[in-house]
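Engineer:
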Amino acid sequence: MTFDTHLAEYAGRPVFEYRSAQALAAQRAWAERHPGGRRELTDPLPLLAALRTPSSFTWRLSDPEGWESQEGEPVQRYYERFCAEVPPESVEALVIGSHGERIDVSEPELVRRALVEAAPRWAGLRSLFYADLTYHEADVSWLLLGDVSAIPNAFPRLERLGLRGTSELSLPVERHASLRSLTLEGGGLPADLARDVLASDYPALEHLELWLGVEDYGGTTAPDDLAPLLEGRVHTGIRSLGLRNAEDTDTWVRALADSAVLERLEVLDLSMGTLTDAGAETLLGTPAFRGLRRLDLHRHFMTAETERRLIEALTAAGVETDTSDRLHADGDGLYPSVTE
């Protein structure tokens, strides 16, 4: 799997990409100079319709082709145009996308700074996804976001935060009182980043989703690094836990089987990883897994017979279980869904 499409929905709302009048004019001027260019024009009518009920959408801010920066303008100018056209008090959810390869890969601090500077105007923001880029724009391993703690710190009322690109990500947040959901997507989760998450004080946190990935792309997090979480000593309000995209899902299943946190969970997501029959036997042999409301195992390496037994046992216990997308190990062995 790769990130081949942008988010179409986020925070329970459809995602709508904002284009300013300046960018639309630049597109039209380009189309007039290039035969067939009119096929690539952005239709302004959907924007006019979206502006009637702006809080019904998650607004996407991105400029991968440079239409918003024709004169070399900084990212801040694009965000200022958005604030002038979309009432800032109506913006409850944002997705930040690509702003061109140079900025995304070489100077990610430019987007981070623009977002933080605009934060006082978006006082009602509750949900934010940062760095929603596809592989056409940049491989996830190229997204070297650095220290992004300024983002949650700038939005004290933020309840949902998603970040893509964990290779060189750090998140040393001392405390955030409102955050209920945190998702870190990438091809490898560094142990230092995992420790950042566990060291932060998130008293409202209910959902934590970590994409563990592979060591070749920074995935050095092991069960010992998450011991404070697994032992139930930190983030005690979590009821939904994702340990996704793991290079050795069976190891994580064994760690969870002996954990205190499992008794508290309602939802467990071990999808996109490398679950085999060995891990499935641990799931079958540990009664606490049957106390879950939902268990997501999609994209796995179980055999058909083991998958059947597992579904039968969990369904009988009332656990909603997803075991879709069964794969077979090939010459490359087992591998998680997202790496590079």
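For the sequence shown, the working numbering gives the first residue as 561, with consecutive numbering after it.
C-beta: ideal position from N, C-alpha, C; glycine also.
(1) Please report the straight-line C-alpha distance between residue 834 and residue 895, rounded to a whole angstrom.
(2) What residue ranges within the region 805 to 860 form continuous alpha helix (DSSP H) runs of no fewer than 4 residues, ordered along the chain?
(3) From what residue to what residue does the alpha helix (DSSP H) around residue 755 run?
(4) Rounded to a whole number of angstroms, what is the C-alpha to C-alpha distance between residue 644 and residue 611?
(5) Return yes when the Cβ of residue 715 is within less than 8 Å of the Cβ of residue 685, no when it is not.
(6) Taking the alpha-carbon of residue 630 as reference, which of 843, 799, 720 and 589 has the nearest alpha-carbon?
(7) Does DSSP put residue 869 in a helix, in a strand, or in coil?
(8) Sort out for me which residues DSSP pairs residue 574 with in a bridge.
(9) Which same chain residues, not among the five before or five after residue 692, have their C-beta less than 6 Å away from its C-beta?
(10) Give me the Cα-Cα distance between residue 766 and residue 661, rounded to the nearest whole angstrom.
(11) Answer yes or no: do residue 969 and residue 665 have a C-beta to C-beta separation smaller than 8 Å?
(12) First and last residue of the beta strand (DSSP E) that includes residue 638?
(13) Buried or exposed: where does residue 763 fall if 16 or more other Cβ atoms within 10 Å of its Cβ makes it buried?
(14) DSSP three-state call for residue 589: helix, strand or coil?
(15) Mind checking residue 761: buried by the 16 CB within 10 Å criterion, or exposed?
(16) Mind checking residue 750: buried by the 16 CB within 10 Å criterion, or exposed?
(17) How would you label residue 772, buried or exposed, when you count the other beta carbons within 10 angstroms and need 16 or more for buried?
(18) Put residue 682 into one of helix, strand or coil per three-state DSSP.
(19) In the DSSP output, which residue or residues are listed as bridge partners for residue 653?
(20) Report yes if the C-beta distance between residue 830 and residue 809 is below 8 Å; otherwise report no.
(21) If you compare alpha carbons, which of 652, 621 and 697 is closest to residue 674?
(22) If you reduce the DSSP assignment to three classes, tell me which class residue 730 lands in.
(23) In terms of residues, what are the limits of the beta strand (DSSP E) holding residue 621?
(24) Whole angstroms is fine: what's the gap from residue 659's alpha carbon to residue 848's?
(25) List the whole-angstrom C-beta distance separating residue 898 from residue 757, where the pair is believed to meet the contact cut-off of C-beta under 8 Å.
(26) Can the beta-carbon of residue 901 be found less than 8 Å from the beta-carbon of residue 688?
(27) Determine, using beta carbons only, whether residue 748 and residue 727 come nearer to each other than 8 Å.
(28) For a test of the three-state rule: what should DSSP assign to residue 664, helix, strand or coil?
Structural biologist: The answer reads as follows:
(1) The count along the sequence shown starts at 1 and reaches residue 834 at position 274. The count along the sequence shown starts at 1 and reaches residue 895 at position 335. Straight-line Cα distance between these residues: approximately 6 Å.
(2) Within the region 805 to 860, the complete alpha helix (DSSP H) runs of at least 4 residues are 809 to 817 and 837 to 845.
(3) By one-based count along the sequence shown, residue 755 stands at place 195. Where residue 755 is concerned, the enclosing alpha helix (DSSP H) stretches over 751 to 759.
(4) Against the sequence shown, residue 644 aligns to sequence position 84. Against the sequence shown, residue 611 aligns to sequence position 51. Going from the Cα of residue 644 to the Cα of residue 611 covers about 12 Å.
(5) Stepping through the sequence shown from its first residue, residue 685 is reached at position 125. Stepping through the sequence shown from its first residue, residue 715 is reached at position 155. It is a contact, given that the beta carbons lie within the stated cut-off.
(6) By one-based count along the sequence shown, residue 630 stands at place 70. Its Cα nearest to that of residue 630, the residue 589 stands out among 843, 799, 720 and 589.
(7) Residue numbering aside, residue 869 sits at position 309 when the sequence shown is read from its first letter. DSSP places residue 869 in helix when its eight states are reduced to three.
(8) Translated into the one-based positions of the sequence shown, residue 574 becomes position 14. Paired residues: 569.
(9) In the sequence shown, counting from the first residue as 1, residue 692 sits at position 132. Correct list, in chain order: 566, 567, 655 and 657.
(10) For this step, residue 766 is matched to residue 206 along the sequence shown. For this step, residue 661 is matched to residue 101 along the sequence shown. Approximately 34 Å, taken between the alpha carbons.
(11) Residue coverage of the chain in this structure runs from 561 to 900, which leaves residue 969 outside it and unanswerable.
(12) Locating residue 638 in the sequence shown gives position 78, counting from the first residue. Per DSSP, residue 638 lies in no beta strand (DSSP E) segment; the continuous alpha helix (DSSP H) that holds it begins and ends at 635 to 645.
(13) Along the sequence shown, read from residue 1 onward, the residue named residue 763 stands at position 203. With fewer than 16 Cβ atoms within 10 Å of its Cβ, residue 763 is classed as exposed.
(14) For this step, residue 589 is matched to residue 29 along the sequence shown. Residue 589: helix per DSSP, three-state reduction.
(15) Taking the sequence shown and counting its residues from 1, one reaches residue 761 at position 201. Exposure of residue 761 is indicated by the presence of fewer than 16 other C-beta atoms within 10 angstroms of its C-beta.
(16) On the sequence shown, residue 750 is found 190 positions in, with the first residue counted as 1. A residue is called buried once 16 or more other Cβ atoms fall within 10 Å of its Cβ, and residue 750 is buried on that count.
(17) As a first step, residue 772 is located in the sequence shown; it is residue number 212 there, counting from the start. The residue in question, residue 772, is buried, as its Cβ has 16 or more Cβ neighbours within 10 Å.
(18) Start at 1 with the first residue of the sequence shown, and residue 682 comes out as number 122. Residue state, collapsed to three classes: coil.
(19) Within the sequence shown, the letter at position 93 stands for residue 653. Beta-bridge partners of residue 653 (DSSP): 687.
(20) The residue you call residue 830 lines up with position 270 of the sequence shown. The residue you call residue 809 lines up with position 249 of the sequence shown. At the C-beta level, residue 830 and residue 809 come within 8 Å of one another.
(21) Here residue 674 corresponds to residue number 114 of the sequence shown, with the count starting at 1. Answer by Cα proximity: 621.
(22) Counting from 1 along the sequence shown, the entry for residue 730 is found at position 170. DSSP places residue 730 in strand when its eight states are reduced to three.
(23) For the purposes of this step, residue 621 is identified with residue 61 of the sequence shown, where counting begins at 1. Boundaries of the beta strand (DSSP E) around residue 621: 618 to 621.
(24) Indexing the sequence shown from 1 puts residue 659 at position 99. Indexing the sequence shown from 1 puts residue 848 at position 288. Rounded to whole angstroms, the separation of the alpha carbons of residue 848 and residue 659 is 46 Å.
(25) The sequence position of residue 898 within the sequence shown is 338, counting from 1. The sequence position of residue 757 within the sequence shown is 197, counting from 1. The Cβ separation is near 19 Å, so there is no contact.
(26) Summary: the structure shown does not reach residue 901, with the chain confined to residues 561 through 900, and so no result is reported for it.
(27) Translated into the one-based positions of the sequence shown, residue 748 becomes position 188. Translated into the one-based positions of the sequence shown, residue 727 becomes position 167. Going by C-beta atoms, residue 748 is nearer than 8 Å to residue 727.
(28) As a first step, residue 664 is located in the sequence shown; it is residue number 104 there, counting from the start. If DSSP states are grouped into helix, strand and coil, residue 664 belongs with the helices.
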